[in-house]
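A.B. asks: Numbering (the working numbering), first residue to last: 583 to 839.
Quick reminder that beta carbons are idealized off the backbone N, C-alpha and C, glycines included.
One structure coming up, written as structure tokens, with questions to follow.
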């Protein structure tokens, strides 16, 4: 749906809803609107804001609205899921919304979920330092399952979000996987990096930076070759991933010893 922008007349602020989706109930021809707000830090008046958004959205669309709050900050709090208006003698109104507190969710319960959003959010769920390596290993395995169903741009976004909260050292962390899985993950992440790099190439050509572009391509390929060598990959795997001939690969290895 189009972006919804609301103005708080009293505070003089403009606010935009995070995610708004129009869909239908499963098995029924009934249109509903799902409104999701992500909250990365504590705000005393957040429940009130959820109510205001709900009221404005209902006023405009006149359809059933499911409001959801996703709390993503690290501190554990007992977050409210209601907003009430009352006077001592009369409960006037009680508004309720669904909540998802990521830091109270056990990541192990979600690793079988083949959903890109779930994969991205794993690094914001509840885990200990000793579980970090295992979490990364299962995240890589989720990527392998998901890559056949989603485009490179979306998968790169999933990986990037995960790394914002739990950084990945690809050379080291892929060692947590079996050899076939290691090769697949490196190939996947390399393809996402290449996609972004190629987009940069197109812009560079427009600016007349062909020389810098060529150096960038060569550097990326060289780093990938030695990354694969460090992981014990054979020549066939290296030529497949880098899209270079065996002769070209050997030349790069000799020139950089």
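Between residue 655 and the rest of its own chain, which residues show a CB-CB distance below 8 Å, the 5 nearest in sequence each way excluded?
C.D. replies: 621, 622, 623, 624 and 685
A.B. asks: Look at the alpha carbon of residue 795 and the alpha carbon of residue 735, and state the distance between them as a whole number of angstroms.
C.D. replies: With a pLDDT of 43 at residue 795, under the threshold of 50, the predicted position of this residue should be treated as unreliable, though the coordinate-derived value follows. Approximately 21 Å between the Cα atoms of the pair.
A.B. asks: State the DSSP-derived secondary structure class of residue 793, mapped to helix, strand or coil.
C.D. replies: Low confidence applies here, because residue 793 scores a pLDDT of 49, under 50, leaving its location unreliable; read the following figure in that light. Looking at residue 793 - three-state DSSP - the assignment turns out to be helix.
A.B. asks: Starting from residue 678, trace the beta strand (DSSP E) in both directions and tell me its first and last residue.
C.D. replies: 672–678
A.B. asks: According to the neighbour-count rule (16 or more other Cβ atoms, all chains shown, within 10 Å of its Cβ), is residue 834 buried or exposed?
C.D. replies: buried
A.B. asks: Please state whether DSSP places residue 654 in a helix, a strand or coil.
C.D. replies: In this structure, DSSP gives residue 654 a state outside helix and strand, which the three-state scheme calls coil.
A.B. asks: Near residue 782, which residues of its chain fall below 7 Å by C-beta distance, leaving aside the five closest residues on each side in sequence?
C.D. replies: Here residue 782 scores only 48 on pLDDT, less than 50, and its place in the model is too uncertain to base an answer on.
A.B. asks: To which residues does DSSP link residue 842 through a beta bridge?
C.D. replies: Limits of the chain in this structure are 583 at one end and 839 at the other, which puts residue 842 out of reach.
A.B. asks: For residue 705, which residues from the same chain have a beta carbon less than 6 Å from its beta carbon, with the 5 sequence-adjacent residues on both sides left out?
C.D. replies: 744, 747 and 748, listed in sequence order.
A.B. asks: Assign residue 612 to buried or exposed, taking buried as 16 or more other Cβ atoms, counted over all protein chains shown, within 10 Å of its Cβ.
C.D. replies: exposed
A.B. asks: Can you tell me whether residue 772 is helix, strand or coil according to DSSP?
C.D. replies: helix
A.B. asks: To which residues does DSSP link residue 666 through a beta bridge?
C.D. replies: 676
A.B. asks: To the nearest angstrom, report how far apart residue 626 and residue 742 are at their CA atoms.
C.D. replies: When rounded, the distance between both Cα atoms is 30 Å.
A.B. asks: If we call anything under 9 Å between Cβ atoms a contact, is residue 807 one with residue 824?
C.D. replies: yes
A.B. asks: Are there 16 or more other CB atoms within 10 angstroms of the CB of residue 642, so buried, or fewer, so exposed?
C.D. replies: exposed
A.B. asks: Is residue 723 helix, strand or coil when you go by DSSP?
C.D. replies: In the three-state reduction of the DSSP assignment, residue 723 falls in the helix class, which pools H, G and I.
A.B. asks: Between 724, 715 and 615, which has its C-alpha nearest residue 770's C-alpha?
C.D. replies: 724
A.B. asks: Please classify residue 831 as buried or exposed, where buried requires at least 16 other C-beta atoms within 10 Å of its C-beta.
C.D. replies: buried
A.B. asks: Count the other C-beta atoms from every protein chain shown that fall within 10 angstroms of the C-beta of residue 817, then say buried if there are 16 or more, exposed otherwise.
C.D. replies: exposed
A.B. asks: Measure the C-alpha to C-alpha separation of residue 646 and residue 637 and round it to an integer number of angstroms.
C.D. replies: 11 Å
A.B. asks: With 16 other CB atoms within 10 Å as the buried threshold, where does residue 601 fall?
C.D. replies: Exposed, since its Cβ has fewer than 16 Cβ neighbours within 10 Å.
A.B. asks: For residue 836, does the three-state DSSP call read helix, strand or coil?
C.D. replies: helix
A.B. asks: Assuming the contact rule is C-beta atoms closer than 8 Å, residue 700 and residue 692 should be a hit. Round their C-beta distance to whole Å, please.
C.D. replies: 5 Å
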